[in-house]
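Trainee: Before anything else, here's the structure in question.
In this note's numbering, the protein residues as written are 884 to 1138.
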């Protein structure tokens, strides 16, 4: 539904005068990121380097990188949109995401104690033979590939809107470029480079969210109550905005 809402009635956010400069800045950003990839590249094929960066990253840095891993494009786009459109149900979805982190924290120490790096290796502790590893690989791909496609699609649509080219072709091009960039980071720089990317994403995301929040509050004279009232009035059903079930039963929602 997130990509549907982003792509329907897409406005030109920057105008034709600034489009060239914005596209140039976007391409420069992609180029600098690719250069950064090669500076972080390693030729070491040791599993310790691939999975845990040779244990060279400090715990605080790893914590920030894990926080960046949780701040995905889908979360940044879908949760505020869900709260704006569906009120109570959107807040419930945000709480569910926080509870999922709690479950992750409960399992993290136990998984770390096994000294295993993949789901297949965890399965192999209880079941011998290649079948457990194959099952772990299949499960991982079945979960990761659709999630990655949704994230790249949402990121591609958002990037196309930001550069002022909301057409379907521009969205596809932006999605492919972002997918290529992420693939380079993961394939060339192993976990060390990926961790640097995730850690760098945290301050950028926090600064962006803070700026958008301040700009939104400024439109409503710095009154959170007025902002929420406007969201309620413009929601799918103002009378049910503060009640559960609006998202599931909204006639305008897309599965």
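We put the CB at the ideal spot given by N, CA and C, even for glycine.
Would you report the Cα separation of residue 963 and residue 973, rounded to the nearest angstrom?
Mentor: The straight-line gap from Cα to Cα measures roughly 8 Å.
Trainee: Please return the same chain residues whose Cβ sits closer than 7 Å to the Cβ of residue 935, not counting the five positions on each side in sequence.
Mentor: Contacts found: 1074.
Trainee: List in chain order: all unbroken beta strand (DSSP E) runs of 3+ residues lying wholly within the segment 988–1072.
Mentor: The qualifying runs do not exist here; there are none.
Trainee: Throw me the rounded Cβ distance for the residue 1061 and residue 1038 pair, which I believe falls under 8 Å.
Mentor: Yes, residue 1061 and residue 1038 are in contact; Cβ-Cβ is about 5 Å, under 8 Å.
Trainee: Given residue 1020, which residues of its chain have a CB within under 6 Å of its CB, disregarding the five upstream and five downstream residues?
Mentor: Cβ neighbours of residue 1020 beyond the five flanking positions: 1003.
Trainee: Are there 16 or more other CB atoms within 10 angstroms of the CB of residue 1059, so buried, or fewer, so exposed?
Mentor: Residue 1059 should be labelled exposed.
Trainee: Determine the extent of the alpha helix (DSSP H) in which residue 1111 is found, giving its start and end residues.
Mentor: Counting along the chain, the alpha helix (DSSP H) containing residue 1111 begins and ends at 1107–1116.
Trainee: Work out the CA separation of residue 950 and residue 1084 for me, nearest whole Å.
Mentor: Going from the Cα of residue 1084 to the Cα of residue 950 covers about 9 Å.
Trainee: Roughly how many angstroms separate the alpha carbons of residue 943 and residue 899, rounded to a whole number?
Mentor: Taking the straight line joining both Cα atoms gives about 44 Å.
Trainee: Rounded to the nearest angstrom, what separates residue 986 and residue 1050 at their Cα positions?
Mentor: Approximately 40 Å, taken between the alpha carbons.
Trainee: Please report the distance separating the alpha-carbon of residue 1007 from that of residue 1072.
Mentor: When rounded, the distance between both Cα atoms is 27 Å.
Trainee: Counting along the chain, where does the alpha helix (DSSP H) carrying residue 950 start and finish?
Mentor: Per DSSP, residue 950 belongs to the alpha helix (DSSP H) from 942–953.
Trainee: Using C-beta distances below 6 Å, list every residue in its chain close to residue 1053, excluding the 5 sequence neighbours before and after it, in chain order.
Mentor: Same-chain partners within the cutoff: 1043.
Trainee: Could you work out which residue in 982, 1009, 997 and 1076 is closest to residue 945 when comparing CA atoms only?
Mentor: Ranking the options by Cα distance to residue 945, first place goes to 1076.
Trainee: Please classify residue 1138 as buried or exposed, where buried requires at least 16 neighbouring CB atoms within 10 angstroms.
Mentor: Only weak support is given to the placement of residue 1138: the predicted model assigns it a pLDDT of 42, under 50, and the value that follows is read from those uncertain coordinates. When all chains shown are included, residue 1138 counts as exposed.
Trainee: Please classify residue 979: does DSSP put it in a helix, a strand, or coil?
Mentor: Residue 979: helix per DSSP, three-state reduction.
Trainee: Pop quiz: residue 1115 and residue 903 are said to be a contact at Cβ under 8 Å. What is the actual Cβ separation, rounded to whole angstroms?
Mentor: Actually they do not touch by this definition, with Cβ atoms about 40 Å apart.
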